[in-house]
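Numbering (our numbering), first residue to last: 1467 to 1937.
Structure representation (structure tokens):
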């Protein structure tokens, strides 16, 4: 966020807030921080540990809570503001270097470093924990089922890192398409997502649905490009809200789509895996609402205390996202060891105890953030392509799908390397060791694109610094 980062940087949040340019789009930064905060709260609300030691979802136990996900599913907003940030970074890169060889590799390395430094620290800890748990017999003890389940469930949040990196990898060519065709690119991607669902739900191959991992999230990034270029007006916000929310309600009422906008165990169809046109409609509705709120929120965010709060939270948001489920598992397991049972889901006692539980979770998460935020210090903007090898763009483009595939594999199969349990992934069973190997291969390919003698990107240009808080 501007020049705020992990501990060790010179400027205080108050100084940064005071130095923020008047033309800065503060609502974009607030949306980024706010969306991750809502995801954290949503997970804390929904994850339940049963008396039998099994991890389940509150929405499965009490289906009447499912409409809450229409508001709590805010990942589309992150892809929206990601599009804004990617457009700023690419424009800054073009101003400094133009369309030269190595531009794509520089951009992708900067984005990958920003996302994967904290993610690799997270994975290292969880892989090590899995090994220790196996070697000490923790996975076979009274709470062995819970531990084995946690080794699969907690890394699931990495799906977002993988998909978001894949969307970033597509940003340079899609920004060029946007500059030529504008919001018609969004219309085309929405049409493709709807067509995929029509074919899928009328007897077509189920694997076709995985194309919507691209069409749905890329459509939301394209809306971010439109936001950056001033194409999302208040009138457009009204249209997006009506069409988006209306389309979602129609889809869940008469279509083959579930009510929940998050994936739930046992449901034949998930709106998240793969994402559906219903989720895209909800995301467009969310984006429309964000556009409509932009003028009012801009007035709110110029207040010093409000903006200072955003500035203080921004550097820690990604680290908190990565570690909030770890905090949840630690607290749930501690409550189990203490013999403290949770009240029945959605009961009066359950709602009454949520603030207390959330306070404890926030305290534990803050402790984890204090330890691991140092890994969240990757570059916020790309350096110039000076010294890049001729083939660096091609190798970087080839590394992107391998890295994304590896991360998605890990998010599905987990990190229980010594347990070596095969989990079905797309076409067949896959082990955690194989998934980590694919991810490592992709990272190795991307590392090859570093220019000789240049280990860190140079300081970003002022225009890019103005949006440093958004990955």
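Think of the CB as a built atom: it goes at the ideal place given N, C-alpha and C, for glycine as much as any other residue.
Cβ pair residue i, residue j closer than 8 Å
i            : j            : result
residue 1735 : residue 1723 : yes
residue 1549 : residue 1748 : no
residue 1689 : residue 1652 : yes
residue 1835 : residue 1782 : yes
residue 1909 : residue 1869 : yes
residue 1632 : residue 1913 : no
residue 1609 : residue 1799 : yes
residue 1611 : residue 1520 : yes
residue 1697 : residue 1649 : yes
residue 1773 : residue 1492 : yes
residue 1811 : residue 1513 : no
residue 1680 : residue 1717 : no
residue 1858 : residue 1915 : yes
residue 1794 : residue 1827 : yes
residue 1523 : residue 1809 : no
residue 1683 : residue 1545 : yes
residue 1559 : residue 1572 : yes
residue 1614 : residue 1906 : no
residue 1750 : residue 1710 : yes
First and last residue of the uninterrupted alpha helix (DSSP H) at residue i
i            : result
residue 1668 : Counting along the chain, residue 1668 falls outside any alpha helix (DSSP H), and DSSP gives it neither H nor E.
residue 1526 : 1524-1527
residue 1497 : 1492-1512
residue 1590 : 1569-1601
residue 1634 : 1624-1635
residue 1678 : 1678-1694
residue 1700 : 1700-1720
residue 1758 : 1743-1767
residue 1776 : 1770-1779
residue 1535 : 1535-1538
residue 1617 : 1610-1619
Contacts around residue i, its chain only, beta-carbon distance under 7 Å, and the 5 residues preceding and following it disregarded
i            : result
residue 1504 : 1538 and 1540
residue 1622 : 1877
residue 1888 : 1895, 1896 and 1897
residue 1619 : 1521
residue 1901 : 1872, 1875, 1876 and 1879
residue 1570 : 1638, 1859, 1862 and 1863
residue 1821 : none
Between the CA atoms of residue j and residue i - distance to the nearest angstrom
i            : j            : result
residue 1553 : residue 1787 : 24 Å
residue 1917 : residue 1606 : 48 Å
residue 1498 : residue 1729 : 22 Å
residue 1738 : residue 1654 : 21 Å
residue 1510 : residue 1829 : 13 Å
residue 1904 : residue 1873 : 8 Å
residue 1597 : residue 1500 : 35 Å
residue 1763 : residue 1543 : 15 Å
residue 1585 : residue 1840 : 12 Å
residue 1883 : residue 1875 : 13 Å
residue 1601 : residue 1766 : 54 Å
residue 1645 : residue 1817 : 49 Å
residue 1755 : residue 1714 : 14 Å
residue 1674 : residue 1727 : 20 Å
residue 1676 : residue 1580 : 26 Å
residue 1529 : residue 1785 : 31 Å
residue 1616 : residue 1595 : 11 Å
residue 1589 : residue 1831 : 16 Å
residue 1703 : residue 1792 : 37 Å
residue 1685 : residue 1625 : 18 Å
residue 1671 : residue 1664 : 11 Å
First and last residue of the uninterrupted beta strand (DSSP E) at residue i
i            : result
residue 1895 : 1894-1896
residue 1889 : 1889-1891
Residues near residue i in its chain [Cβ-Cβ closer than 6 Å; skip 5 each side]
i            : result
residue 1577 : 1634
residue 1678 : 1659, 1662, 1740 and 1741
residue 1506 : 1790
residue 1535 : 1726, 1727 and 1728
Residue i beta carbon near the ligand NAP (any heavy atom closer than 7 Å)
i            : result
residue 1644 : Looking for the ligand NAP in the displayed structure turns up nothing, as the structure carries no ligands at all.
Any C-beta of chain C under 8 Å from that of residue i
i            : result
residue 1552 : Given the protein chain composition of this structure (a single chain), no chain C is represented.
Can you list, in chain order, the stretches of the alpha helix (DSSP H) that have 4 or more residues and sit fully within the stretch 1800-1880? Listed in chain order, the complete alpha helix (DSSP H) runs (minimum 4 residues) inside the stretch 1800-1880 are 1814-1838 and 1858-1879.
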